[in-house]
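See structure below.
Numbering (this note's numbering), first residue to last: 194 to 470.
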């Protein structure tokens, strides 16, 4: 028997869970006490949900979120104002209506859908996610929105094209990497991989306005060969890179500086670089 997916809205917040979500999503993001309260209320809501997802609107997009073993989904559901606020503000300021945006390590699509909602139908957005179960959530979320500008790509981005081992943390499915070995054999899966340059050429892109790169310490493996092989016309103007300084084998910040980038911001999780021209 074919199992049908309940339509969006079937898991709308209700009762005490609805009250908790409405409370946590309004807490001030710069207040330590508010963050502690949000964590307490979030744990209570997750206990009440007993494994069910919730259907909500976040960043101008509909999303079905499963707040259990994925920190990204927990943050976006309960405290969207805490989820990379500076990164989102910089993206909103710089994204043109015809922007080209690559969300590499897209997870459930928070960045990709945020840009889609902000930029409009003229944008072109690639949401790249290698984990099959998270990719299913990503494609579901994309399908709930009318943007028509987001394409989901089921692969990893690496230093070369082929098949590679992806190590997954079962406690936080958003922490998957081609570089960091998992804690047990069950956390290793084989996935198709593509270099960033092959991805861009395969999609026929002639420019890239911005890239969000969140691949748990493998950012240097992706960017070093791309910057060495790609024409300057394909260099992204804006890069939001997860800060994997302790895991990188090369000094990625110095490499980017040599290629004309300057660091314009650093947040708790990310480094943000911009290139003129």
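Glycine is no exception: its CB is placed at the ideal position from the N, C-alpha and C atoms.
* Asked: Under a CB-based cut-off of 9 Å, is residue 271 close to chain D?
  -> Here there is only one protein chain, and chain D is not present.
Touching by the beta-carbon criterion (3+ pairs, under 8 Å), the region 288-297 and the region 316-331: yes
Q | Nearest-angstrom Cβ-Cβ length linking residue 248 and residue 307, presumed shorter than 8 Å | A | Contact flag wrong, Cβ pair sits at about 17 Å.
Exercise. Determine the DSSP secondary structure at residue 319, reduced to helix, strand or coil.
Key: strand
Please state if the CB of residue 301 and the CB of residue 279 are separated by a distance shorter than 9 Å.
-> no
- Would you mind stating whether residue 351 and residue 414 have Cβ atoms separated by less than 9 Å? yes
Tell me whether residue 217 sits in a helix, a strand or coil according to DSSP, three-state version.
helix
- What is the DSSP secondary structure of residue 252, reduced to helix, strand or coil? coil
- Query: Quick one: what does DSSP say residue 204 is sitting in, helix, strand or coil?
  - Reply: coil
Return helix, strand or coil for residue 447, following the three-state DSSP convention. helix
Per-residue burial, residue 388 [other beta carbons within 10 Å of its own, 16 or more giving buried]: buried
**OP:** Return the Cβ separation of residue 392 and residue 434 in integer angstroms, given the expectation that the two are a contact with Cβ distance under 8 Å.
**Re:** That belief does not hold up - the Cβ atoms of residue 392 and residue 434 are roughly 16 Å apart, past 8 Å.
Helix, strand or coil at residue 324 [DSSP, three-state]:
coil
Item to check | Supposed contact pair residue 448 and residue 422 - C-beta distance, whole angstroms, cut 8 Å | outcome: Rounded, the Cβ-Cβ distance is 14 Å, inconsistent with contact.
### Inter-residue Cα distance where the pair is residue 407 and residue 312
21 Å
- Query: Does DSSP put residue 272 in a helix, a strand or coil?
  - Reply: coil
| said: In this structure, how does DSSP classify residue 376 when only helix, strand and coil are distinguished? | reply: Here the model assigns residue 376 a pLDDT of 45, short of 50, so the residue's position is not dependable, and the following value carries that caveat. Coil at residue 376, not helix or strand.
Cα-Cα separation between residue 376 and residue 262, rounded to whole angstroms: With a pLDDT of 45 at residue 376, under the threshold of 50, the modelled position of that residue is not reliable, and the figure given next carries that caveat. Those two C-alpha atoms are separated by around 15 Å.
_Proximity to residue 436 [Cα-Cα], best of 397, 425 and 466_ = 466
Worksheet item: Any contact of the region 255-272 with the region 225-244, i.e. 3+ C-beta pairs under 8 Å?
Response: yes
For residue 296, the first and last residue of its enclosing beta strand (DSSP E):
293-297
Whose CA, out of 224, 227 and 417, lies closest to the CA of residue 353? 417
* Beta-carbon separation of residue 395 and residue 425 under 9 Å? -> no
Among 204, 252, 409 and 223, which residue has its Cα nearest to the Cα of residue 243?
204
Our contact map puts residue 349 next to residue 323 with C-beta atoms below 8 Å; I'd like the distance itself, whole angstroms only. 4 Å
In angstroms, rounded to a whole number, what distance separates the CA positions of residue 198 and residue 255? 16 Å
State the beta-bridge partners of residue 429 as determined by DSSP.
-> Answer is none; residue 429 lacks a bridge partner.
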